[in-house]
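Q:
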Amino acid sequence: MTRLAPVARLTQYARGGGSSKIPPGELERVVAGLTGGNDALLVGGPDGDDAAVLRLEGGRAVVSTADFCTPVVDDAYDWGRIAAANALSDVYAVGGVPLMALNLLGWPADALPAELAREVLRGGRDMAALAGVAIAGGHSIEDPEPKYGLAVTGTADPDRLLRLDAGRPGVPLTLTKPLGVGALNARHRATGEVFPHAVATMTELNAAAGLTALERGAACATGVSGFGLLGHLYKLARASGVTAVVDASAVPYLDGARAAVRDGFVPGGTRRNLAWVSPHTDFRRIAEEERLLLADAQTSGGLLVAGEIPGAPVVGELVGRGRRALVIR
Numbered sequence: 001m002t003r004l005a006p007v008a009r010l011t012q013y014a015r016g017g018g019s020s021k022i023p024p025g026e027l028e029r030v031v032a033g034l035t036g037g038n039d040a041l042l043v044g045g046p047d048g049d050d051a052a053v054l055r056l057e058g059g060r061a062v063v064s065t066a067d068f069c070t071p072v073v074d075d076a077y078d079w080g081r082i083a084a085a086n087a088l089s090d091v092y093a094v095g096g097v098p099l100m101a102l103n104l105l106g107w108p109a110d111a112l113p114a115e116l117a118r119e120v121l122r123g124g125r126d127m128a129a130l131a132g133v134a135i136a137g138g139h140s141i142e143d144p145e146p147k148y149g150l151a152v153t154g155t156a157d158p159d160r161l162l163r164l165d166a167g168r169p170g171v172p173l174t175l176t177k178p179l180g181v182g183a184l185n186a187r188h189r190a191t192g193e194v195f196p197h198a199v200a201t202m203t204e205l206n207a208a209a210g211l212t213a214l215e216r217g218a219a220c221a222t223g224v225s226g227f228g229l230l231g232h233l234y235k236l237a238r239a240s241g242v243t244a245v246v247d248a249s250a251v252p253y254l255d256g257a258r259a260a261v262r263d264g265f266v267p268g269g270t271r272r273n274l275a276w277v278s279p280h281t282d283f284r285r286i287a288e289e290e291r292l293l294l295a296d297a298q299t300s301g302g303l304l305v306a307g308e309i310p311g312a313p314v315v316g317e318l319v320g321r322g323r324r325a326l327v328i329r
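Mapping of the sequence shown onto UniProt numbering: position 61 corresponds to residue 61, and the numbering continues sequentially without gaps.
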């Protein structure tokens with residue numbers, strides 16, 4: 001099947017950036033005390049983990065997550081692939097293997113053709129197939145703002161999970177994908193300029209990274225998505241009762257990301273992320289541009305693993321809890 005000729009700039013139908021997350025501080029206040037309630041729930045309580053993990057009989061656990069986003073690129077097929085990879089990443093981030101997914105689709109039927117929605121779903125199907133995941137229907141609604149993602153079910157070994165609260169002092173921090181897709185997507189949305197290398201990193205599955213982390217004995221990790229590296233690392237450090245030290249010079253960025261931030265293409269979510277973590281962070285002499293890059297709101301970002309992953313850069317370490325949860329040097 002060939003792709004449809006462009007009929008609309010999908011990103012112009014989204015009020016904000018791709019993740020469009022509720023500001024993290026506000027979200028935590030809203031959901032406080034509304035999770036848990038089952039002793040078999042191993043992951044997915046108040047720490048705000050990537051996915052929920054529930055212990056089953058027979059020595060297995062079920063993993064469940066849901067994630068969707070507004071358009072991050074104008075190409076419908078690529079957006080479908082990116083949104084699906086983003087949702088699947090939540091399962092890999094807790095050490096699980098995804099098995100089945102349901103489509104979640106919001107579509108402005110009076111503004112965009114159904115054929116374009118089919119391209120989005122086709123992209124999601126192809127990404128799921130690459131992950132060995134079956135698409136089993138889903139749910140759709142009419143929505144003035146297009147949205148797409150997946151509800152994913154998988155399995156895991158309850159004794160070999162990647163958790164937010166399992167970080168320990170003396171362990172290095174490894175980042176498996178470069179940052180900067182938020183800034184590049186903001187530039188794409190404003191100008192129409194296409195960044196194939198950003199699409200490539202967003203459509204790269206985190207399956208190998210999650211498996212390698214488990215094989216190398218890691219017990220603590222998180223996916224880097226809408227709250228940026230700093231936001232997700234703050235949640236990890238807080239849950240684990242440690243301080244996370246980041247070596248800013250070691251953090252990798254996509255080509256053009258720094259220039260995009262310098263030119264003012266900064267998603268609103270990135271600024272909210274930075275405002276949220278700043279009271280808990282010692283930035284030392286780190287400039288504003290670097291702070292924004294570290295807080296850049298990602299879509300389908302990499303895994304941040306407490307441990308070493310061959311081929312991925314070590315960007316910092318966990319140390320005993322100090323005055324601040326994060327230190328950027």
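Quick reminder that beta carbons are idealized off the backbone N, C-alpha and C, glycines included.
None of the values given here were measured: they were computed from a predicted structure.
#1: Identify which residue in V194, A218 and D263 has its Cα closest to the Cα of A93.
#2: Verify whether the separation of the beta carbon atoms of G182 and V242 is less than 8 Å.
#3: Just how far apart, CA to CA, sit L105 and S140?
#4: Check the C-beta distance from L326 over to A237 and give it rounded, since I have them as a contact under 8 Å.
#5: Per DSSP, W107 is paired with what?
#6: Could you give the distance in angstroms between the alpha-carbon of H188 and the alpha-carbon of V194?
#7: In terms of residues, what are the limits of the alpha helix (DSSP H) holding G210?
#8: Do G80 and V31 count as a contact pair if the criterion is CB distance below 8 Å?
#9: Indicate whether T35 and G96 have their beta-carbon atoms separated by less than 8 Å.
#10: Using only the alpha-carbon positions, how far apart do I286 and Y234 sit?
#11: So, for E142: in the same chain, excluding its five sequence neighbours on each side, which residues have a beta-carbon less than 6 Å away from its beta-carbon?
#12: Can you pull the DSSP bridge partners for P172?
#13: Expressed to the nearest angstrom, what Euclidean distance is found between the alpha-carbon atoms of G311 and M100?
#14: Going by the DSSP bridge assignment, what does G154 pair with across the sheet?
#15: Pull up the distance between the alpha-carbon of A221 and that of V43, whole angstroms please.
#16: Report the rounded CA-to-CA distance for V277 versus R29, giving the unit in angstroms.
#17: Report all residues from its chain with a CB closer than 7 Å to the CB of G256; omit the five preceding and five following residues, and keep chain order.
#18: Using the DSSP secondary-structure output, state which residues sit across from V327 in a beta bridge.
#19: Pair every Cβ in the stretch 199 to 210 with every Cβ in the stretch 303 to 310, then say whether three or more of these pairs are closer than 8 Å.
#20: Using 10 angstroms around the beta-carbon of D38, count the other beta-carbons present and answer buried if the total reaches 16, otherwise exposed.
#21: With a 10 Å radius around its C-beta and 16 neighbouring C-beta atoms as the bar for buried, classify R163 as buried or exposed.
#22: Have a look at the DSSP bridge pairing and note the partners of T222.
#23: Could you compute how far the alpha carbon of T201 sits from the alpha carbon of F68?
#24: Helix, strand or coil for R55 per DSSP?
#25: Spell out the partners DSSP gives R163 in its beta bridges.
#26: So V43 is in the beta strand (DSSP E); what residue range does that whole segment cover?
#27: Excluding the 5 residues flanking T270 on each side, which residues of the same chain have their C-beta closer than 7 Å to its C-beta?
#28: So A136 and L102 are supposed to be a Cβ contact under 8 Å. How far apart are they, rounded?
#29: Measuring straight from C-alpha to C-alpha, what distance separates T197 and A14?
#30: Using 8 Å as the limit for Cβ to Cβ distance, is G311 near chain C?
#31: Which first and last residues belong to the alpha helix (DSSP H) in which R187 is found?
A: Let me lay it out:
#1: A218
#2: no
#3: Going by the C-alpha atoms only, they are around 5 Å apart.
#4: Between A237 and L326 the Cβ distance is about 6 Å, and since that is below 8 Å, they are a contact.
#5: Under the DSSP definition of a beta bridge, W107 partners with E142.
#6: 6 Å
#7: A207 to E215
#8: G80 is positioned such that its CB atom lies no closer than 8 Å to that of V31.
#9: no
#10: 17 Å
#11: A109
#12: Answer by DSSP bridge pairing, in chain order: E317.
#13: 30 Å
#14: DSSP lists V63 and P98 as partners of G154.
#15: 12 Å
#16: 15 Å
#17: L184 and F195
#18: According to the DSSP secondary-structure assignment, V327 is paired through a beta bridge with V245 and D282.
#19: yes
#20: The sequence shown places Asn at residue 38, rather than the Asp named in the question. With fewer than 16 other Cβ atoms from the protein chains shown falling within 10 Å of its own Cβ, N38 counts as exposed.
#21: buried
#22: L304
#23: If I take the Cα positions, the gap works out to 18 Å.
#24: strand
#25: C220
#26: L41 to V43
#27: G182, G228, L292, A295, D296 and A297
#28: 6 Å
#29: Residue identity differs from the one stated: residue 197 is His in this sequence, not Thr. When rounded, the distance between both Cα atoms is 22 Å.
#30: No chain C is present in this structure, which holds just one protein chain.
#31: V181 to T191
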